[in-house]
Amino acid sequence: MSESAGDFTDILTLLKDNPRGMSVTEIADAAHLNRNTIARYMDNLLVSGQVEMRTFGKAKVFFISKRVPVSAMLNLSSEMVLLIDENLKIIQANEALLSFLSVDAEGVVGSLVYSGPCNLLCSDMLADHIRRALRGDTVRGELRVFHEGRECYLDQKIYPMVLADGRPGVTVVLDDVTDHKNAEAALERSEAMFRRLVETVRDCIWSLDEDSLIRYISPQITEICGYAPEELIGRSFTEFMPPGAGSRFSWELSAELSKETGFTLLEFPFICKDGSRIYCEFSGTPVILDKESGMFLGYNGALRDVTDRRNAEQNVKRWKLFLDGVMHNIPGIIIVTDTKTNKIVYTNRGAEQYLGINRAELRSLSIPKLLSRLGSTHLADAHDKVKAFAKPVNVPEDRIVVNGDVRYVSARVLPMVLSADREYLLTMATDISDEVADRNRQLQTRELAFVLEGVTTTQEIWNSALEMLPKISGFTAVAVYQRSIFDDYILFMSKNGRFAPAIPLDSIVDRIIRKGEPVIFDAYRMELFPEGTLSTMDGAASLVLMPVVHESRTVACIVLGSTAPQSPDTVLRGILMSTSFQISTVASRCLLQEKLQRERDRTQSYLNIAGVMLVVVRRDGVIEMINRYGAKILGYSEAELIGRNWFEDVVPAHAREARLQAFEQLISGMVDVEDHVYSGTVLCSDGTEKSIRWRNSLLREECGTVAGVVSSGEIIPDEGAGQ
Numbered sequence: 000m001s002e003s004a005g006d007f008t009d010i011l012t013l014l015k016d017n018p019r020g021m022s023v024t025e026i027a028d029a030a031h032l033n034r035n036t037i038a039r040y041m042d043n044l045l046v047s048g049q050v051e052m053r054t055f056g057k058a059k060v061f062f063i064s065k066r067v068p069v070s071a072m073l074n075l076s077s078e079m080v081l082l083i084d085e086n087l088k089i090i091q092a093n094e095a096l097l098s099f100l101s102v103d104a105e106g107v108v109g110s111l112v113y114s115g116p117c118n119l120l121c122s123d124m125l126a127d128h129i130r131r132a133l134r135g136d137t138v139r140g141e142l143r144v145f146h147e148g149r150e151c152y153l154d155q156k157i158y159p160m161v162l163a164d165g166r167p168g169v170t171v172v173l174d175d176v177t178d179h180k181n182a183e184a185a186l187e188r189s190e191a192m193f194r195r196l197v198e199t200v201r202d203c204i205w206s207l208d209e210d211s212l213i214r215y216i217s218p219q220i221t222e223i224c225g226y227a228p229e230e231l232i233g234r235s236f237t238e239f240m241p242p243g244a245g246s247r248f249s250w251e252l253s254a255e256l257s258k259e260t261g262f263t264l265l266e267f268p269f270i271c272k273d274g275s276r277i278y279c280e281f282s283g284t285p286v287i288l289d290k291e292s293g294m295f296l297g298y299n300g301a302l303r304d305v306t307d308r309r310n311a312e313q314n315v316k317r318w319k320l321f322l323d324g325v326m327h328n329i330p331g332i333i334i335v336t337d338t339k340t341n342k343i344v345y346t347n348r349g350a351e352q353y354l355g356i357n358r359a360e361l362r363s364l365s366i367p368k369l370l371s372r373l374g375s376t377h378l379a380d381a382h383d384k385v386k387a388f389a390k391p392v393n394v395p396e397d398r399i400v401v402n403g404d405v406r407y408v409s410a411r412v413l414p415m416v417l418s419a420d421r422e423y424l425l426t427m428a429t430d431i432s433d434e435v436a437d438r439n440r441q442l443q444t445r446e447l448a449f450v451l452e453g454v455t456t457t458q459e460i461w462n463s464a465l466e467m468l469p470k471i472s473g474f475t476a477v478a479v480y481q482r483s484i485f486d487d488y489i490l491f492m493s494k495n496g497r498f499a500p501a502i503p504l505d506s507i508v509d510r511i512i513r514k515g516e517p518v519i520f521d522a523y524r525m526e527l528f529p530e531g532t533l534s535t536m537d538g539a540a541s542l543v544l545m546p547v548v549h550e551s552r553t554v555a556c557i558v559l560g561s562t563a564p565q566s567p568d569t570v571l572r573g574i575l576m577s578t579s580f581q582i583s584t585v586a587s588r589c590l591l592q593e594k595l596q597r598e599r600d601r602t603q604s605y606l607n608i609a610g611v612m613l614v615v616v617r618r619d620g621v622i623e624m625i626n627r628y629g630a631k632i633l634g635y636s637e638a639e640l641i642g643r644n645w646f647e648d649v650v651p652a653h654a655r656e657a658r659l660q661a662f663e664q665l666i667s668g669m670v671d672v673e674d675h676v677y678s679g680t681v682l683c684s685d686g687t688e689k690s691i692r693w694r695n696s697l698l699r700e701e702c703g704t705v706a707g708v709v710s711s712g713e714i715i716p717d718e719g720a721g722q
């Protein structure tokens with residue numbers, strides 16, 4: 000027996016002849032081979048399954064294998080099997096594979112897998128899978144082939160193995176799953192068509208088993224109640240109903256078993272995923288296997304959300320209850336009017352109290368008559384628009400008169416259609432008089448701020464304050480106290496109310512004013528002081544002190560008073576405080592301007608009584624100022640000369656050019672004007688000329704630029720006319 004040929008026939012024959020088994024030494028002696036060679040052969044036979052080994056002590060005894068031959072086993076399998084060596088040569092193929100390929104074993108065994116009849120099964124992917132299996136991996140996949148004009152699907156499994164001669168190989172197992180694939184595809188198409196049909200139906204389709212548990216429910220359930228279908232599968236509808244409704248549902252569902260033609264259950268409440276409650280109508284049919292057996296399999300049916308329909312019906316039933324129970328207690332104004340007759344059919348308690356008209360009288364009026372009585376225009380137009388277009392109309396603001404008082408309301412008018420012959424208009428109004436008052440107060444505050452920006456005297460401030468502060472604050476009286484030379488505060492002017500002629504020194508009011516900060520004495524704070532200590536105004540129940548500070552001392556105070564208790568809110572308090580500081584700032588500016596004006600007037604009076612001519616000529620030659628004495632010398636008034644050109648109207652023509660040249664030298668700095676005295680003539684209004692002795696001084700701006708010339712002149716009595 001050749002060692003390299005891998006022919007184990009002699010060894011197998013020896014084992015067959017010795018059924019009690021042989022050791023390696025016995026086989027080596029009988030075969031006349033080396034013991035090591037026999038040991039290697041026996042390992043190969045043991046791996047290939049041709050022999051079996053048992054151990055007796057230290058001895059290993061080999062027996063002929065009693066297993067079924069591999070070829071016989073392969074032919075018993077319904078799957079197609081190929082045995083392939085490492086060179087991709089087919090070693091063996093079972094009957095199932097030969098039948099599929101319609102060939103005999105001689106045409107397959109010994110051929111390469113990609114060149115013989117098996118090339119139908121071979122592809123680049125299969126070759127790669129075989130190589131992976133040769134490396135020790137088990138590979139699974141699916142093979143798609145065209146055979147005898149039809150498409151076939153083969154389930155493929157490739158296992159690594161050791162061949163009988165010890166070489167590596169693979170076993171390829173193929174299972175024809177074409178019929179299974181086609182059945183699955185047909186089933187998927189059928190299910191897809193059914194699902195498309197179910198999902199296009201607006202109602203939700205459901206199916207229950209014999210225990211009333213949900214087996215199927217269509218995706219519409221998500222739109223209806225928020226649950227995904229898988230969240231309901233295996234559960235009962237009663238789990239999503241209130242306890243009483245769930246029991247009633249189960250009882251009525253079981254009672255429908257006798258109705259083979261289908262049933263419609265009543266509406267049942269259903270609790271959605273977000274906790275809200277809707278109402279669903281259930282309809283369906285019991286499922287019976289056949290009439291003979293009568294086996295009950297469950298129910299098939301549908302449900303739909305009828306919440307809107309139910310609510311509409313309930314709204315009609317509860318209309319009267321809604322009006323009497325809800326609208327009657329709304330604090331605003333509610334009026335319901337019949338569209339056809341314009342008669343008022345309902346008013347709530349808020350409307351009666353606000354309008355001061357009892358319910359019986361209100362219901363005897365038509366809505367146009369009521370609105371005319373209130374002096375409303377916007378609400379009347381809104382009712383006409385709603386009747387014409389059947390759309391809601393908002394009335395942001397409307398002015399009405401209630402028992403002589405002007406009030407403001409915001410309203411919304413809506414159409415309400417209960418049935419073809421029951422159409423109404425619902426008017427909901429809210430009193431916004433306080434909001435309008437706040438808005439007007441803000442407008443008055445901005446207007447006062449605008450006025451204060453343009454005032455130039457304190458008198459204008461006091462006039463504006465007396466006119467506008469009562470409208471802003473809601474206080475009825477206002478007064479202005481000014482500081483006197485005796486260091487007390489005396490009444491300067493007032494509007495409404497009786498104010499004290501002076502504020503007593505060292506009184507509470509006097510000390511507050513001197514502190515220089517605004518203070519509000521509302522109804523509560525007035526009670527904290529002893530009676531008479533805040534008697535700035537007779538009968539005052541509330542006061543506001545607004546000091547005017549100039550140069551760190553209080554120079555005046557504006558006092559607001561009211562005989563009715565006032566409790567300004569936070570917004571009004573802020574407005575009064577900011578207005579007080581604004582008045583103080585503007586008054587300080589005006590007082591400073593008035594002080595400067597007084598100083599200018601005083602200076603002007605000094606200039607007017609001086610016995611010399613004083614004139615200021617700008618660098619462009621225009622007269623900016625001339626005193627009364629100088630204007631008198633020239634025969635003009637001051638107003639006639641200011642703004643005219645000095646050289647064209649006052650300097651004689653024969654001296655004009657020389658004088659103008661000297662003036663230009665002055666303003667350019669070419670001539671030193673200090674201690675420079677010269678004589679020059681002037682032309683009077685009557686055409687005569689007078690000789691004047693002049694002294695000049697330059698008038699400079701802050702940056703040092705010459706702005707003009709200040710000249711003083713004296714008449715030279717005996718000197719003739721000259722330059």
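Each residue of the sequence shown is one higher than the one before, counting from 0 in numbering that gives the first Met the number 0. Cβ atoms here follow ideal geometry from the backbone N, Cα and C, with glycine treated the same way. This one's a predicted model, so the numbers in the text were calculated from it and none came from an experiment.
Between the Cα of N402 and the Cα atoms of K514, L373, H179, which residue gives the shortest distance? By 1-based counting over the sequence shown, the position of residue 402 is 403. If we check each option's Cα against that of N402, L373 comes out closest.
Nearest-angstrom Cβ-Cβ length linking Y152 and V176, presumed shorter than 8 Å: Start at 1 with the first residue of the sequence shown, and residue 152 comes out as number 153. Start at 1 with the first residue of the sequence shown, and residue 176 comes out as number 177. The Cβ separation is near 5 Å, so the contact holds.
Exposed or buried, W461, counting other C-beta atoms within 10 Å across all chains shown (16 or more means buried)? Here residue 461 is taken as the residue at index 462 of the sequence shown, counted from 1. By the neighbour-count rule (16 or more Cβ atoms within 10 Å), W461 is buried.
Leaving out the 5 sequence neighbours to the left and right, which residues in its chain are closer than 6 Å to T199 when beta-carbon positions are compared? Residue mapping note: residue 199 aligns to position 200 of the sequence shown, counting from 1. With a pLDDT of only 49 at T199, under the threshold of 50, the placement of this residue in the model should not be trusted; the figure read from the coordinates follows. Same-chain partners within the cutoff: there are none.
At 3 residues or longer, what runs of the beta strand (DSSP E) sit wholly inside the segment 656 to 699? 676 to 682, 688 to 699
Cβ of M79 within 9 Å of Cβ of D178? On the sequence shown, residue 79 is found 80 positions in, with the first residue counted as 1. On the sequence shown, residue 178 is found 179 positions in, with the first residue counted as 1. In this structure, D178 does not lie closer than 9 Å to M79 by Cβ.
According to the neighbour-count rule (16 or more other Cβ atoms, all chains shown, within 10 Å of its Cβ), is P285 buried or exposed? The residue given as residue 285 occupies position 286 in the sequence shown. Flag for P285 reads buried.
Which residues in the same chain as G610 place their Cβ atom closer than 7 Å to its Cβ, once the five residues preceding and following it in sequence are excluded? Looking up residue 610 in the sequence shown gives position 611. Result list for G610: Y628, in chain order.
Residues that D397 bridges to, as DSSP identifies them: For this step, residue 397 is matched to residue 398 along the sequence shown. Per DSSP, V408.
Contact between the segment 485 to 498 and the segment 533 to 540 (3+ Cβ pairs under 8 Å): yes
Taking the alpha carbon of E713 as the point to measure from, which residue in S678, M240, G703, T8 has its own alpha carbon closest? Here residue 713 refers to the residue found at position 714 when the sequence shown is read from its first residue. Among S678, M240, G703, T8, the Cα nearest to that of E713 is on S678.
Check whether the Cβ atoms of A301 and S282 lie closer than 9 Å to each other. Translated into the one-based positions of the sequence shown, residue 301 becomes position 302. Translated into the one-based positions of the sequence shown, residue 282 becomes position 283. Result yes, Cβ atoms of A301 and S282 sit closer than 9 Å.
Alpha carbons only, please: which of S22, D84, V50 is nearest the one belonging to V60? Sequence index remark: in the sequence shown, residue 60 carries index 61 (1-based). Here the closest residue by C-alpha is S22.
Within a Cβ cutoff of 6 Å, which residues of the same chain sit near T710, ignoring the five residues on either side of it in sequence? The residue you call residue 710 lines up with position 711 of the sequence shown. The sequence shown places Ser at residue 710, not Thr. Excluding positions up to five away in sequence, the list reads V614, W693, N695.
Other residues of its chain near V699: CB distance less than 7 Å, five sequence neighbours each side excluded: If you number the sequence shown from 1, residue 699 lands on position 700. Note on residue identity: the sequence assigns Arg, not Val, to residue 699. Counting only Cβ-Cβ distances below 7 Å, and skipping sequence neighbours, we find V705, A706.
C-alpha distance - N439 paired with I471, whole-angstrom precision: Residue 439 sits at position 440 when you count from the first residue of the sequence shown. Residue 471 sits at position 472 when you count from the first residue of the sequence shown. Those two C-alpha atoms are separated by around 8 Å.
For M41, three-class secondary structure by DSSP: On the sequence shown, position 42 is the one that residue 41 refers to. Note: M41 maps to helix in three-state DSSP.
Which stretch, first to last residue, makes up the alpha helix (DSSP H) that contains C121? Position 122 of the sequence shown holds residue 121. That residue, C121, is in no alpha helix (DSSP H); it is neither H nor E in DSSP.
Is it buried or exposed, H31, if we count other Cβ atoms within 10 angstroms and call 16 or more buried? As a first step, residue 31 is located in the sequence shown; it is residue number 32 there, counting from the start. H31 should be labelled exposed.
Checking the sheet assignment: what are the DSSP bridge partners for C151? By one-based count along the sequence shown, residue 151 stands at place 152. According to DSSP, which records beta bridges pairwise, C151 is partnered with V144.
Does DSSP put K180 in a helix, a strand or coil? Mapped onto the sequence shown, residue 180 falls at position 181. Helix, per DSSP.
Using CA coordinates, which residue listed in V708, L296, T426, D487 is at the minimum distance from S253? Sequence index remark: in the sequence shown, residue 253 carries index 254 (1-based). S253 has its Cα closest to that of L296, out of V708, L296, T426, D487.
Neighbourhood of D486 by C-beta distance below 8 Å, restricted to the same chain and skipping five residues each side: For the purposes of this step, residue 486 is identified with residue 487 of the sequence shown, where counting begins at 1. So the qualifying residues of the chain are L504.
Whole-angstrom distance between V400 and I366, CA atom to CA atom: Locating residue 366 in the sequence shown gives position 367, counting from the first residue. Locating residue 400 in the sequence shown gives position 401, counting from the first residue. Their Cα atoms are separated by approximately 16 Å.
Can you name the start and end residues of the alpha helix (DSSP H) that R617 belongs to? The count along the sequence shown starts at 1 and reaches residue 617 at position 618. Looking at the DSSP string, R617 is not in any alpha helix (DSSP H); the run it does join, the beta strand (DSSP E), is 612 to 617.
Limits of the beta strand (DSSP E) - the one that V286 falls within: In the sequence shown, the residue the question calls residue 286 occupies position 287. First-last of the beta strand (DSSP E) with V286: 276 to 287.
As assigned by DSSP and simplified to three states, the class of T8: Working through the sequence shown from its first residue, we reach residue 8 at position 9. If DSSP states are grouped into helix, strand and coil, T8 belongs with the helices.
Please report the Cβ distance between K594 and I632, rounded to the nearest whole angstrom; I am assuming they are in contact, meaning their Cβ atoms lie under 8 Å. As a working mapping, residue 594 is identified with position 595 in the sequence shown. As a working mapping, residue 632 is identified with position 633 in the sequence shown. 32 Å between Cβ atoms; not a contact.
Looking only at C-alpha atoms, which of V621, L640, E623 sits nearest to A630? Indexing the sequence shown from 1 puts residue 630 at position 631. When only C-alpha atoms are compared, the closest one is L640.
Can you tell me whether E183 is buried or exposed, with buried defined as 16 or more other CB within 10 angstroms of its CB? Residue mapping note: residue 183 aligns to position 184 of the sequence shown, counting from 1. With fewer than 16 Cβ atoms within 10 Å of its Cβ, E183 is classed as exposed.
Starting from C203, trace the beta strand (DSSP E) in both directions and tell me its first and last residue. The residue labelled residue 203 in the question sits at position 204 within the sequence shown. 203 to 207 is the extent of the beta strand (DSSP E) around C203.
Using only the alpha-carbon positions, how far apart do C121 and V107 sit? Here residue 121 refers to the residue found at position 122 of the sequence shown. Here residue 107 refers to the residue found at position 108 of the sequence shown. Their backbone Cα atoms lie some 13 Å apart in a straight line.
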